[in-house]
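Data first, discussion second: the structure below is written as C-alpha cells.
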Amino acid sequence: MNKTLSLTRILLKNGSGNWGSKNKKRRIPLGFLVPLLITVGLVPVFSMFYFLVSVLYEGLAAIQQEGLILALGLSIVSVVIFFFGIFYVINVFFFAQDLEHLLPLPLKPSQILTAKFSVALTYEYLTELFILMPILVSYGIVSGAGILYYVFSVVIFLVLPLLPLLLASVIAMLIMRFTNVSKHKDRYRMIGGAAAIILAVSFNFFFQRFANNNLDPEQMQKIVTEGNNSIMNAMTMFFPNAKLAALALINGPALAGLGYLLAFLAVSAVAYWIFMLLGDWLYFKAVMGMSESSARREKVSDEKMDKMTQQSSVIKAYTVKELKLLFRTPAYFTNCVLISFLWPILLVIPLVAQSGNLQGIKNLSPHMFNESTAGIVLGIAFAFFLFSGGMNPTAATAISREGQGIFVNKYLPVPFAKMVMAKVLSGLLLGMITVVLAIIVAVILLGLPVYYAILLVALGIPAVLFASFIGIIIDIHFPKLNWDNEQKAVKQNINSLFSTLICFLTAALVVIAILFLDLSLPFVFFGLLIIFGLINFLLYRLVVAKSADWFNKIEV
1 MNKTLSLTRI LLKNGSGNWG SKNKKRRIPL GFLVPLLITV GLVPVFSMFY FLVSVLYEGL
61 AAIQQEGLIL ALGLSIVSVV IFFFGIFYVI NVFFFAQDLE HLLPLPLKPS QILTAKFSVA
121 LTYEYLTELF ILMPILVSYG IVSGAGILYY VFSVVIFLVL PLLPLLLASV IAMLIMRFTN
181 VSKHKDRYRM IGGAAAIILA VSFNFFFQRF ANNNLDPEQM QKIVTEGNNS IMNAMTMFFP
241 NAKLAALALI NGPALAGLGY LLAFLAVSAV AYWIFMLLGD WLYFKAVMGM SESSARREKV
301 SDEKMDKMTQ QSSVIKAYTV KELKLLFRTP AYFTNCVLIS FLWPILLVIP LVAQSGNLQG
361 IKNLSPHMFN ESTAGIVLGI AFAFFLFSGG MNPTAATAIS REGQGIFVNK YLPVPFAKMV
421 MAKVLSGLLL GMITVVLAII VAVILLGLPV YYAILLVALG IPAVLFASFI GIIIDIHFPK
481 LNWDNEQKAV KQNINSLFST LICFLTAALV VIAILFLDLS LPFVFFGLLI IFGLINFLLY
541 RLVVAKSADW FNKIEV
C-alpha cells in the first residue's frame with residue numbers, strides 16, 4: 001500500500017509542471033491559488049443549484065418525490081464521469097508512455113494499475129466538485145438535513161466515481177488492447193481512442209433512449225402518484241450505485257440508511273475487484289511496445305518539392321504546422337481536436353433520445369426566438385461558446401506543448417509574436433468547429449432561423465477568440481515545459497483549468513447581465529460584438545507588444 005501511495009503521489013506531482021518548480025521567480029503558491037480560483041468558480045455554480053433545488057424541492061416534497069433531486073444529480077454525475085472518464089483513462093493509462101520506466105521497478109502490476117486509476121479518479125473529483133457537491137449541499141440545506149446526511153454525503157462523494165470510471169477503464173482497455181497490433185502505433189492509438197469515446201457516446205445515447213421508451217406517460221403518471229420517492233427508482237435504473245447512494249441519503253437518520261450505504265460500498269468494492277482481474281489480463285498486454293513506432297520514406301518529385309517549398313505567410317505556415325501536430329499526435333488529437341466535435345454531440349443526445357418528440361421540440365422554436373426571449377437565448381448561446389472555448393485546451397497548452405525544445409524558437413527568423421498569434425489561430429479554428437456544428441444541430445433539430453444562425457456565427461468568433469487569448473496568455477506566463485510525454489503537456493496541465501474557470505465566470509457574468517438588464521436581440525448582439533471585439537483587440541495588442549518579453553523570461 002505504501003508503494004501504491006508513493007507512486008500515485010509521484011504521478012500526480014509529475015503533472016504539476018512549472019507550477020511547482022523551485023524557481024522562486026516563477027513559483028506559484030498552488031496551495032493558495034488553486035483553492036481560491038475553484039472557490040470563486042463555485043460561487044455562481046452553487047447559487048444556481050441552490051435556487052434550482054429550492055424550487056424543485058418545494059414542488060416535489062408535496063407529492064413525496066423529493067428524492068428525485070438526489071437521484072437525478074447522482075445519475076447525471078455518473079454519466080458525466082463515465083463519458084469524460086474515457087478521456088482520462090486513455091491519457092493516463094496509455095498516452096503517458098511511462099510504463100517503460102515503471103515496469104523495471106520492484107512494483108506489482110496491481111500497484112501500477114491502482115496508482116494510475118487513482119490519478120484518473122483525482123481528476124473526476126474536480127468534475128464532482130462543480131456538479132454533485134452543490135446539489136448535495138443545497139439539498140441538505142433546503143431539507144434541513146442532520147449531520148449524518150453530510151457524513152454520508154462525504155463518503156458518497158468519494159466513492160461514487162468508482163463504478164462509472166471502472167466501466168470506462170474496462171472499455172478503454174478492451175479497445176486499446178486490440179488496436180495495439182501494428183507498427184503504426186500512433187495511428188492505431190488515435191483510432192482506438194476515438195473508438196472508445198464513440199462507444200461511450202453510444203452507451204449514453206442508448207441509455208437515454210431505452211429509459212424514455214420504457215417510461216410512457218401512463219407509467220410516469222402512475223409512478224408520480226405512488227409517492228414515496230418512486231420516481232427515483234426509474235431515474236437510477238442504469239446506475240445501481242447511484243440508486244443505493246440516493247436511498248442512503250434519504251434514509252440517513254434510520255438504520256436502513258446505513259444498510260444502503262454499506263450496500264453502495266460493497267457494489268463499488270466488487271466492481272473494483274473485477275477491474276483488477278481484467279486489468280492484469282488486458283492492460284499490460286495493451287501497453288507492451290506502445291513506445292515503438294515506424295517511419296515511412298517517400299520519394300518526392302521535383303514538382304512536389306517546388307510546391308512544398310513555396311514561400312507562404314509566416315502566420316499561415318506556423319498555423320498549419322500547429323494543426324498538423326495536433327492531428328498527428330494521439331494525446332493532442334484526443335484532448336484538443338476530438339473534444340471540438342464532442343460538444344455538439346453531447347447536445348444532440350438528449351434531444352434525439354426523446355423518441356417521437358422531435359416535432360414537439362421544433363414547436364418550441366417560435367417561443368425561443370420571439371421578441372421577448374431572442375436576446376436571452378442569444379446571450380446563453382454566446383456563454384456556451386465562451387465555456388466550450390475555455391474547455392478546449394488547444395490555446396491554454398500551446399506553449400507547454402513545445403516542451404524543452406521551446407528555445408529552438410529563439411533561433412528561428414520569426415518574431416515570437418507571430419508564433420503566438422499562429423497558436424491563437426489554431427485554437428480559434430478548432431473552437432469554431434464546435435460553434436458551427438452546434439449551430440447546424442440547432443438549425444436541424446430546433447428549427448433555428450437562418451438569420452439567427454448567422455448572428456450566432458458572428459458572435460462565436462469573438463467568444464472563441466477571447467478564450468484563445470486567455471489561454472495563451474496564461475500558458476506563456478506559466479508553461480509546463482518539463483514533461484516526458486505529450487499527455488502530461490495537455491491533460492496534466494493546470495493552465496487549462498484556469499482558462500476554463502475564467503471563461504466560465506465570464507460566461508456567467510454575461511448571462512446575469514443580460515437577464516438583469518432584459519435587453520432585446522439587437523442590443524444583445526451589438527453589445528456583445530462591440531464589447532468582446534474591443535476586449536480581443538486589446539488582448540491582441542497586449543500579446544503583440546509583450547509576448548517577446550514574456551518569452552525571454554521563460555525558464556525550464
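Numbering-wise, the sequence shown is residues 1 to 556 according to full-length UniProt numbering. Each residue gets a CB set at the ideal place from its N, CA and C atoms; glycine is no exception.
Open item on the list: Using only CA atoms, which one of Asn335, Ser75, Ile470 and Leu428 lies nearest to Ile156?
Closed with: Against the sequence shown, residue 156 aligns to sequence position 156. Checking every option, the nearest Cα to that of Ile156 belongs to Ser75.
Task: Whole-Å CB distance - Asn392 paired with Asn91, under 8 Å assumed - done: Sequence index remark: in the sequence shown, residue 392 carries index 392 (1-based). Sequence index remark: in the sequence shown, residue 91 carries index 91 (1-based). Under the criterion of beta carbons closer than 8 Å, Asn392 and Asn91 do not qualify as touching, at roughly 15 Å.
Task: Own chain residues within Cβ distance below 6 Å of Ser118, not counting five before or after - done: Locating residue 118 in the sequence shown gives position 118, where the first residue counts as 1. Excluding residues within five positions, the ones whose Cβ falls inside 6 Å are Thr8.
- [ ] Please say whether Ser143 and Glu58 have beta carbons closer to each other than 8 Å?
- [x] Numbered from 1 along the sequence shown, position 58 holds the residue referred to as residue 58. Numbered from 1 along the sequence shown, position 143 holds the residue referred to as residue 143. In this structure, Glu58 lies away from Ser143, with their beta-carbon atoms at least 8 Å apart.
Task: Start and end residues, alpha helix (DSSP H) containing Lys324 - done: For the purposes of this step, residue 324 is taken as residue 324 along the sequence shown, with counting starting at 1. Taken as a continuous stretch (DSSP letters only), the alpha helix (DSSP H) holding Lys324 covers Val314 to Arg328.
Open item on the list: Does Val457 come out as helix, strand or coil in the three-state DSSP assignment?
Closed with: On the sequence shown, position 457 is the one that residue 457 refers to. Note: Val457 maps to helix in three-state DSSP.
Task: For Val53, three-class secondary structure by DSSP - done: As a first step, residue 53 must be located in the sequence shown, where it is residue number 53. If DSSP states are grouped into helix, strand and coil, Val53 belongs with the helices.
- [ ] Please classify Val408: does DSSP put it in a helix, a strand, or coil?
- [x] In the sequence shown, residue 408 corresponds to position 408, counting from 1. Val408 falls in the helix class under three-state DSSP.
TODO: Check whether the region 457-473 touches the region 527-536, taking contact to mean three or more Cβ pairs, one atom from each stretch, closer than 8 Å.
DONE: The region 457-473, when compared against the region 527-536, does touch it at the 8 Å Cβ threshold.
- [ ] Please classify Ala398: does DSSP put it in a helix, a strand, or coil?
- [x] As a first step, residue 398 is located in the sequence shown; it is residue number 398 there, counting from the start. Coil.
Task: Sequence-distant residues of its chain with Cβ nearer than 7 Å to Cys503 (five each side left out) - done: Mapped onto the sequence shown, residue 503 falls at position 503. Around Cys503: Leu386, Phe387, Gly389, Gly390, Ala467 and Ile470.
Task: Span of the alpha helix (DSSP H) around Ala246 - done: To locate residue 246, count along the sequence shown from 1; it is residue 246. Where Ala246 is concerned, the enclosing alpha helix (DSSP H) stretches over Pro240 to Ile250.
TODO: Put Val155 into one of helix, strand or coil per three-state DSSP.
DONE: Stepping through the sequence shown from its first residue, residue 155 is reached at position 155. DSSP places Val155 in helix when its eight states are reduced to three.
Task: Residue interval of the alpha helix (DSSP H) (run including Thr8) - done: For the purposes of this step, residue 8 is taken as residue 8 along the sequence shown, with counting starting at 1. That run of the alpha helix (DSSP H) goes Asn2 to Lys13.
TODO: With a floor of 4 residues, list each alpha helix (DSSP H) that falls wholly inside the region 441-492, ordered by position along the chain.
DONE: 450-477 and 486-490
Task: Separation of Val43 from Ile250, as counted between CA atoms - done: Your numbering for residue 250 matches position 250 in the sequence shown. Your numbering for residue 43 matches position 43 in the sequence shown. Looking at the two C-alpha atoms, the distance is approximately 26 Å.
Task: Limits of the alpha helix (DSSP H) - the one that Pro413 falls within - done: For the purposes of this step, residue 413 is identified with residue 413 of the sequence shown, where counting begins at 1. Neither: Pro413 is in no alpha helix (DSSP H) and is coded neither H nor E.
- [ ] Tell me, please, whether the region 423-434 touches the region 507-527 by the rule of three or more beta-carbon pairs shorter than 8 Å.
- [x] no
Task: Beta-carbon proximity check, Ala246 vs Leu160, cutoff 8 Å - done: As a first step, residue 246 is located in the sequence shown; it is residue number 246 there, counting from the start. As a first step, residue 160 is located in the sequence shown; it is residue number 160 there, counting from the start. Going by C-beta atoms, Ala246 is not nearer than 8 Å to Leu160.
Task: Cβ-based neighbour list, Gly140, same chain, cut-off 8 Å, excluding 5 preceding and 5 following - done: Counting from 1 along the sequence shown, the entry for residue 140 is found at position 140. Cβ neighbours of Gly140 beyond the five flanking positions: Tyr149, Tyr150 and Ser153.
Task: Neighbourhood of Leu265 by C-beta distance below 8 Å, restricted to the same chain and skipping five residues each side - done: Indexing the sequence shown from 1 puts residue 265 at position 265. Apart from the 5 residues on each side of it in sequence, Leu265 sits with its Cβ closer than 8 Å to the Cβ of Val155 and Val159 in its chain, given in chain order.
Open item on the list: So, at 7 Å on beta carbons, what are the nonlocal neighbours of Val337 in its own chain, with the 5 sequence-adjacent residues on each side left out?
Closed with: Looking up residue 337 in the sequence shown gives position 337. Closer than 7 Å at Cβ, skipping near neighbours: Leu326, Phe327 and Leu430.
Task: Own chain, CB closer than 8 Å to Val510, minus 5 neighbours either side, in chain order - done: The residue you call residue 510 lines up with position 510 of the sequence shown. Cβ within range, chain order: Gly379, Phe382, Ala383, Leu386 and Leu528.
Task: Where Lys553 falls, given that 16 or more other Cβ within 10 Å makes a residue buried - done: For the purposes of this step, residue 553 is identified with residue 553 of the sequence shown, where counting begins at 1. Classification of Lys553: exposed, given that the 10 Å Cβ count is below 16.
Open item on the list: Here's the rule: buried if 16 or more other CB atoms are within 10 angstroms of the residue's CB, otherwise exposed. What is residue 563?
Closed with: Lying before the first or after the last residue shown, residue 563 is absent from the chain, which here runs from 1 to 556.
Task: Residue from Ser169, Thr397 and Ile131 whose Cα sits closest to the Cα of Asp280 - done: Numbered from its first residue, the sequence shown carries residue 280 at position 280. Nearest option by C-alpha distance: Ser169.
- [ ] For Val270, count neighbouring C-beta atoms within 10 Å of its own C-beta (all shown protein chains included) and say buried if the count is 16 or more, exposed if not.
- [x] Translated into the one-based positions of the sequence shown, residue 270 becomes position 270. Per the 10 Å Cβ criterion, exposed.
TODO: Whole angstroms is fine: what's the gap from Thr122's alpha carbon to Leu165's?
DONE: Working through the sequence shown from its first residue, we reach residue 122 at position 122. Working through the sequence shown from its first residue, we reach residue 165 at position 165. Spanning the two alpha carbons is a distance of roughly 11 Å.
Task: First through last residue of the alpha helix (DSSP H) which encompasses Ala507 - done: Sequence index remark: in the sequence shown, residue 507 carries index 507 (1-based). First-last of the alpha helix (DSSP H) with Ala507: Asn495 to Leu517.
Open item on the list: Once DSSP output is grouped into helix, strand and coil, what is the label at Ser372?
Closed with: By 1-based counting over the sequence shown, the position of residue 372 is 372. Residue state, collapsed to three classes: coil.
- [ ] Kindly indicate which residue of Asp475, Ala507, Leu70 and Phe516 has the alpha-carbon position closest to the one of Ser496.
- [x] Along the sequence shown, one-based indexing puts residue 496 at 496. Cα-wise, what sits closest to Ser496 is Asp475.
Open item on the list: Using the Cβ count rule (16 or more neighbours within 10 Å means buried), how would you classify Asn493?
Closed with: Along the sequence shown, one-based indexing puts residue 493 at 493. Asn493 should be labelled buried.
- [ ] Could you spell out the range, first to last residue, of the alpha helix (DSSP H) harbouring Lys116?
- [x] Within the sequence shown, the letter at position 116 stands for residue 116. From DSSP, the alpha helix (DSSP H) with Lys116 extends over Pro109 to Ser143.
Task: Met173 to Leu282 span [Cα, whole Å] - done: Locating residue 173 in the sequence shown gives position 173, counting from the first residue. Locating residue 282 in the sequence shown gives position 282, counting from the first residue. Approximately 6 Å, taken between the alpha carbons.
- [ ] Just tell me which of Val424, Ala398, Lys418 and Tyr452 has its CA closest to the CA of Lys491.
- [x] Here the question's residue 491 lines up with position 491 in the sequence shown. Nearest to Lys491 by C-alpha distance, out of Val424, Ala398, Lys418 and Tyr452, is Ala398.
Task: Spatial distance of Gly408 from Trp550 (CA atoms) - done: One-based indexing of the sequence shown puts residue 408 at position 408. One-based indexing of the sequence shown puts residue 550 at position 550. Reading off the sequence shown, one finds Val at residue 408, where the question assumed Gly. Answer to the nearest angstrom: the Cα atoms are 16 Å apart.
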